[in-house]
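In the numbering used here, the protein residues as written are 2 to 276.
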């Protein structure tokens, strides 16, 4: 028996069983914050995470292994269950996550939720409803949701988001994220980070999306199609992304070169049209 919770000793202990025990030990409590992000399998919150439980009312047995949060105005619409464990919804989890992790990790989880189809309006309305002064975490998410740099397509990975933020912080023209390009073969390709006016783009070269012979073949085929459409792509690795100055200088140099090339091509076309 653990804090008033009976546990079958034949069942091996696990992070989830410990979390369920913590939730059951406090009547009316639920998994929240990092524990909830882990249960919802949000990007950046793999198992295990710190065991965090929010108590709506009453007292919860003090346990060194459990991080307790208090919630004075619970709303049943903010709760759900994952594998039988009471837990805050994805929107409620995102709203309060900033209380325990940096803004970058909140944004990583937010991007993942949006990619998976959770409605942005639901997340915004939930965060605004839960917002309170103090270290509730809601202020972090509200600032992200209102950030002008986020008013584009959601990137495919935290890698792309980091690269875009580095480039948006410069005096360079802001890039477009997930920019669609119609290829000569009739298909549509999307460029991770693009400057359509000079037809140059960056592909964030991660092992997840660009590893293995089959994917390498697809990349080469698409690159040929992009070249036929007048585009030039540059691949950026995670290691290169760690050097901010390198990324900025790369973009500055390539944009200047592509602008000169574009101006030269326009001048040549104009000369050809002149009688």
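Where is the CB? At the ideal position from N, CA and C, for every residue including glycine.
Residue closest to residue i, alpha-carbon to alpha-carbon, out of the options
i: residue 98; options: 55, 227 and 81; result: 55
i: residue 190; options: 71, 221 and 41; result: 221
i: residue 110; options: 219, 100, 91 and 147; result: 91
i: residue 75; options: 83, 53 and 30; result: 30
i: residue 162; options: 126, 205, 199 and 252; result: 205
i: residue 44; options: 257, 156, 246 and 252; result: 156
i: residue 100; options: 85, 38, 48 and 117; result: 38
i: residue 201; options: 179, 218 and 188; result: 179
i: residue 32; options: 46, 65, 69 and 48; result: 69
i: residue 234; options: 225, 53 and 241; result: 225
i: residue 82; options: 167, 93 and 244; result: 93
i: residue 139; options: 164, 103, 174 and 171; result: 103
i: residue 47; options: 106, 153 and 188; result: 106
i: residue 247; options: 171, 158, 35 and 134; result: 171
i: residue 34; options: 232, 52 and 120; result: 52
i: residue 158; options: 260, 239, 188 and 79; result: 239
i: residue 198; options: 258, 153 and 20; result: 258
i: residue 85; options: 78, 25 and 108; result: 25
i: residue 121; options: 96, 135 and 132; result: 96
i: residue 168; options: 218, 113, 79 and 244; result: 244
i: residue 227; options: 237, 188 and 256; result: 188
i: residue 78; options: 130, 203 and 219; result: 130
i: residue 236; options: 160, 260, 80 and 183; result: 160
i: residue 57; options: 262, 73 and 49; result: 73
Local Cβ density within 10 Å of residue i, reported as buried at 16 or more and exposed below that
i: residue 141; result: buried
i: residue 28; result: exposed
i: residue 88; result: buried
i: residue 16; result: exposed
i: residue 123; result: exposed
i: residue 66; result: exposed
i: residue 41; result: buried
i: residue 165; result: buried
i: residue 126; result: exposed
i: residue 108; result: buried
i: residue 154; result: exposed
i: residue 148; result: exposed
Distance between beta carbons of residue j and residue i, contact taken as under 8 Å
i: residue 185; j: residue 229; result: 5 Å
i: residue 176; j: residue 195; result: 6 Å
i: residue 143; j: residue 128; result: 6 Å
i: residue 252; j: residue 173; result: 6 Å
For residue i, the first and last residue of its enclosing alpha helix (DSSP H)
i: residue 34; result: 34-40
i: residue 202; result: Premise fails: residue 202 lies in the beta strand (DSSP E), 201-205, not in any alpha helix (DSSP H).
i: residue 67; result: Unbroken run through residue 67 is the beta strand (DSSP E), 67-71; no alpha helix (DSSP H).
i: residue 240; result: 239-242
i: residue 106; result: 104-116
i: residue 144; result: 139-146
i: residue 1; result: No information on residue 1 is available, as it lies outside the stretch 2 to 276 that the chain covers here.
i: residue 25; result: 16-26
i: residue 128; result: 121-131
Bridge-paired residues (DSSP) for residue i
i: residue 191; result: 181
i: residue 80; result: 89
i: residue 53; result: 68
i: residue 236; result: 204
i: residue 31; result: 55
Contact with chain D by residue i, beta-carbon distance below 8 Å
i: residue 110; result: Annotation note: the requested chain D is absent from the structure, which comprises a single protein chain.
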